[in-house]
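Contents: one structure, followed by commentary.
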Amino acid sequence: MWQKTLKLVLVSILVGILLGIFGATAAHYFRAGIHFIEQFVSNRFDNANRFVLFFCSLSTAAFIISLIKAKLSVIRWHGPADTIFAAHRVDNELDIKSGIASTLAAFFSAAGGASVGQYGPLVHFGATLGSWLKAILKLRISTDIVLGGGVAAAISAGFSAPLTGIIFAHEAILRHFSFKALAPIALASGTAIVVNNYLWNSSTFIMGLYSATDVGPMILISIAAGPFFGFVAILFMFTILTFAKLPTQMGLNQFQSFLIAITGLSIIGTFYPEVMGLGTSAIINLTTGSTLFLMAVAILFGKIIATALSLGFGFFGGVFSPALLVGAAAGSIATSVLSWMGIQSFQGPELIICGMAAVAGSVIGAPISMIMIVLELTGSYSLALASTIGIVTATMISGQLFEHSIFDKQLLSRGIDLSQGRMGIRLMEENITKITSSKILKFKPEVIVELAKAKMVKMRVNEAYVNTHDGKYIGKLHLKSLIFAKPSDAIIKYTDTEALNIKSDASLQQAIEAAANFIGETIPIVDRKTGTLIGTINEGDLLKMYLDLQGQTIDLEKR
Amino acid sequence: MKKTTLLLAGTSLALGTTSAFAGSHTGSITAVSWGGAYTVSQIEAYHKPWTAATGNTVVSEDYSGGIAEVKAQVEAGNVTWDIIDVEKSDAVRGCDEGLFMEIDPTSLPAGSDGTAAVDDFIPGSFTDCAVANIVWSTIFAYDSSVTTNGPKTIADFFNVDAFPGKRGLRKSPKANLEMALAADGVASGDIYDVLATDEGVDRAFAKLDTIKDMVVWWEAGAQPPQLLADGEVAMTTAYNGRIFNAVAGEGKSFEIVWDAQVLDVDMWAIIKGAPNAELAMDFLKFSTATEQLAAQASYIAYGPARKSSAPYVTTYHSNADLEMGPQMPTAAANLATAIPNDFEFWADNADELNERFNAWLIN
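Protein chains in written order, with the working numbering: chain A, 456 to 1014; chain B, -14 to 348.
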């Protein structure tokens, strides 16, 4: 027994370290590659017309993305929403091919100048790496470890914020505290920062250490600014999700979608190049310089529209980086408003940092991670403490008025309600056909009572089913109904055609809801398309399946 | 002025209170049934819950079947019974003779699953004047502590050489003639075809002749278990629920033989001219609801007449380990050679066969 436990611990540690190395490497080359392409384009075409430049680079990116989609037969791009969903299932690892294709699509989208983020794809890629490791090494370790480790490594290396990586994995992805996965996740996060720092000498990209702030007044300002940041986050998410539906509503094909995105983005990029690409330099400018009010407003709306156009009309990438920039712009606007009101105490980056964390925290549904990231990226305990109020107020507003995160909303549109918890999702996911028994007694409608009764008595069953000659379900036959029936009558006369039946594509949740008011021994399962009787289930099987799922969920979350 | 107001308020209060009490009068009905464990099951499942729900009470009286007493009351214009538990053939005959009130099945409450009553009751549960409540059967039983390696088939019941000892039989042609033919080799599905002929009736009586000298006749349903317990008979026909209760409730070691059991339904009928006919109708609707029929099945091994009651049939009321499902005459395992009573046959031929049976007894 102890050897098995020791082996499991060692494997978990090894997986954590491997994920840290792979995650850091992927994050580094992802950013370095985009930076290289951006520099290359900038150096070569410095004097070119900006519209033409954006149009060409975006068109090239669109062409490559289309190629990736066609060659790798990708139906849709996979991102953090899929990672979260995978973390809520026990037996469903991430699709490695789609994960890699999506990361490549995000890479070329960002490199081509589309307004997309890098962290979402990196998070999903990290989780995909975990799934891949688990698959090739045939590891029998928890999904929490492989997904959480990959996610933590990506965030840790991406932001140079290892503690944030650990918390983000639990808060945004796993959505529960995983005791057994904590050590591997922490190891992955720690390894990623070590590899990142020592191999590539990376450091915090946004800012250096920040000096102490006056906590008391800042908290008061945060309380007032929090709702504003929350509404900005809602506007951001709403616009992205609305734009995502437009191509389908307008009946556009892929080429037409790309054409609209490329044209629109080229126009925006011509006037506001700050909002294009990852937007890293724009964030640095906002936090370190003093941006004019109107410019901040333009960046806020420009970034929201550019991101919505990019993600909605064919490009792919994350929403975290755009949310950071939108939040920074919102913080800059708040700072300007304070200045107009004569409050000059906070004319530094305090509110801008708070705005970034609050809007991003609301968008990705991870307020505690955002508090931690403020602490790790600024080194200021007082700023982290003061920002906390703004962050939690914003997330509360957006959570109450919109949704827990944009990922939750995306999943909801696919019929997956994360608010139901793991158990609720599993209940909606599990199909009942796996517990359907095909050992049933079936009769044709013209069979006479005497024969049916004799057969049922011989087989000791109280219920049988009546089908048409081509197998279509008609109804249920109760032995009790036949006892005093005329022996020469056809059984169709005594068939209960109103008996409850469940369609074959029903989930366990739907079946339990149906069975809650069911009276009888077995419930017929009927094929939705053909109308044929597939088999039956009974309440005992449903309860057993429910208990199995409950056990698996407890196993996933607690042990 | 103040006094006047107080007096007026007091008068109003008194008026209101007395009016309220005057409006909530309660009544009583007389329900007639078969006595013993069966009536106890009805008291527990029907009478007490009805009284609790409505405040009305039920006076219980026993009888031994048939419609003679009902006929006497109706013809004398002195009806004292309100509702009676009758066999189906008697329900049909009583209705034909104008002894029972007509009942509209659509007025009965739907099953607990929402199924309309007419679809929820098993086929054959309604006559023009009666509504079924239970499915019961006439079986035969023996005491396994006395008779080891006991009888297995109805033929064994009539084989006094292999299985010596007295036999208990109900003092009625019903079930006896069917069982006699089954013991003589007639398949359960052919019993009434054979019995519909004079030769078939002769054949049944001839079979009964083979054990006539050994028979102890019983009339009330409570007698057969007592006959077995007292050792007066080696085996006896009985209502299956009575034997079950002797085993489950009194610890007797009786064994039921289900071969050639004669299935029947009991029904509630309301007597024409009943002094409390309206209340009796309310009681009938209440007692034939899904829950009440299922509740009765936890006191006695009779199957509920409603399909919706079946899933609520669980265990014996005083023994949570004793599942009631397999004890029912309608359990698939007990139905292999069952003979469903042909009510129409008995409604048409009861008088004639009763006469012949009585004559046969005397001779």
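Where a beta carbon is used, it is the ideal one built from N, C-alpha and C, also for glycine.
Continuous alpha helix (DSSP H) stretch holding residue i: start and end
{"i": "A:Thr923", "result": "Segment: none, A:Thr923 is in no alpha helix (DSSP H) and carries neither H nor E."}
{"i": "A:Met705", "result": "670 to 705"}
{"i": "A:Leu896", "result": "Looking at the DSSP string, A:Leu896 is not in any alpha helix (DSSP H), and its letter there is neither H nor E."}
{"i": "A:Leu832", "result": "822 to 833"}
{"i": "A:Leu755", "result": "748 to 767"}
{"i": "A:Ser936", "result": "934 to 937"}
{"i": "B:Thr15", "result": "Segment 13 to 18 is the beta strand (DSSP E) holding B:Thr15; no alpha helix (DSSP H) there."}
{"i": "B:Gly266", "result": "According to the sequence displayed, residue 266 of chain B carries Met and not Gly. Here the alpha helix (DSSP H) through B:Met266 covers 262 to 272."}
Chain A residues whose Cβ lies nearer than 7 Å to that of residue i
{"i": "B:Gly109", "result": "Phe939"}
Chain A within 8 Å of residue i, Cβ atoms only
{"i": "B:Trp331", "result": "no"}
{"i": "B:Val120", "result": "yes"}
{"i": "B:Leu320", "result": "yes"}
{"i": "B:Gly(-5)", "result": "Low confidence applies to B:Gly(-5): its pLDDT is 47, below 50, so where it sits in the model is not reliable, and the reading given next is rough at best. So, not an interface residue."}
{"i": "B:Pro296", "result": "yes"}
{"i": "B:Ser74", "result": "no"}
{"i": "B:Asp98", "result": "yes"}
{"i": "B:Gly8", "result": "Bear in mind that the predicted position of B:Gly8 carries a pLDDT of just 43, short of 50, making it too unreliable to give a figure here."}
Minimum Cβ-Cβ distance from residue i to chain B less than 8 Å
{"i": "A:Leu934", "result": "yes"}
{"i": "A:Gly975", "result": "yes"}
{"i": "A:Val902", "result": "no"}
{"i": "A:Asn917", "result": "yes"}
{"i": "A:Ile978", "result": "no"}
{"i": "A:Asn956", "result": "no"}
{"i": "A:Glu905", "result": "yes"}
{"i": "A:Pro942", "result": "yes"}
{"i": "A:Asp996", "result": "no"}
Closest by C-alpha distance to residue i, when choosing among the options
{"i": "B:Glu204", "options": "B:Met252, B:Thr100, B:Pro210, B:Arg155", "result": "B:Arg155"}
{"i": "A:Gly568", "options": "A:Val981, A:Trp587, A:Phe510", "result": "A:Phe510"}
{"i": "B:Ala332", "options": "B:Glu87, B:Arg78, B:Gly40, B:Thr65", "result": "B:Arg78"}
{"i": "A:Ile723", "options": "A:Phe748, A:Lys758, A:Gln704", "result": "A:Lys758"}
{"i": "A:Ala799", "options": "A:Pro672, A:Phe495, A:Leu766, A:Tyr949", "result": "As written in the sequence, residue 799 of chain A is Gln, which differs from the Ala given in the question. It is A:Pro672."}
{"i": "B:Thr318", "options": "A:Lys908, A:Glu884, A:Ser962, A:Glu805", "result": "According to the sequence shown, residue 318 of chain B is Ala rather than Thr. Nearest option by C-alpha distance: A:Lys908."}
{"i": "A:Ala688", "options": "A:Val601, A:Lys948, A:Leu755", "result": "A:Leu755"}
{"i": "B:Leu248", "options": "B:Gly50, B:Ala223, B:Asn261, B:Asp98", "result": "B:Ala223"}
{"i": "A:Ala561", "options": "A:Met825, A:Leu906, A:Gly773, A:Gln1007", "result": "A:Gly773"}
{"i": "B:Pro34", "options": "B:Ala321, B:Phe271, B:Pro289, B:Ala95", "result": "B:Phe271"}
{"i": "B:Ser97", "options": "A:Gly975, A:Thr985, A:Leu830, A:Gly990", "result": "A:Gly975"}
{"i": "A:Leu741", "options": "A:Leu793, A:Thr703, A:Phe770, A:Ala785", "result": "A:Ala785"}
{"i": "A:Ile674", "options": "A:Leu577, A:Ile967, A:Gly845, A:Phe491", "result": "A:Gly845"}
{"i": "A:Ile523", "options": "A:Met796, A:Ala556, A:Ile946", "result": "A:Ala556"}
{"i": "A:Lys941", "options": "B:Ala30, B:Asp327, B:His302", "result": "B:Asp327"}
{"i": "A:Ile401", "options": "A:Gly810, A:Phe768, A:Val792, A:Asp872", "result": "There is simply no residue 401 of chain A to check, as chain A begins at 456 and stops at 1014 in what is shown."}
Partner residues on chain B for residue i, Cβ-Cβ distance less than 8 Å
{"i": "A:Asn993", "result": "Under the 8 Å cutoff, chain B gives no residues; its nearest Cβ is about 11 Å from A:Asn993."}
{"i": "A:Pro639", "result": "Within chain B, no residue comes near A:Pro639; the closest Cβ sits about 49 Å away, beyond 8 Å."}
Interface partners of residue i on chain B, CB under 7 Å
{"i": "A:Tyr949", "result": "Pro108"}
Interface partners of residue i on chain A, CB under 9 Å
{"i": "B:Ala317", "result": "Met911, Val912, Lys913, Met914, Arg915, Val916, Asn917, Leu934"}
{"i": "B:Lys292", "result": "His933, Lys935, Ser936, Asp951, Ile974, Gly975"}
Residue i - containing beta strand (DSSP E), residue span
{"i": "B:Ser45", "result": "42 to 47"}
{"i": "B:Ala115", "result": "115 to 128"}
{"i": "B:Trp243", "result": "239 to 255"}
{"i": "B:Val200", "result": "200 to 203"}
{"i": "B:Asp306", "result": "304 to 308"}
{"i": "A:Gly990", "result": "988 to 992"}
{"i": "B:Gly153", "result": "152 to 155"}
Listed by chain order, chain A residues near residue i by CB distance under 8 Å
{"i": "B:Pro325", "result": "Ile938, Phe939"}
Could you run through the segment 172 to 204 of chain B and flag, in chain order, every residue whose CB is less than 7 Å away from some CB of chain A? Gly174
Which residues, in order along the segment 239 to 250 of chain B, keep a beta-carbon less than 8 Å from a beta-carbon of chain A? Leu248, Val250
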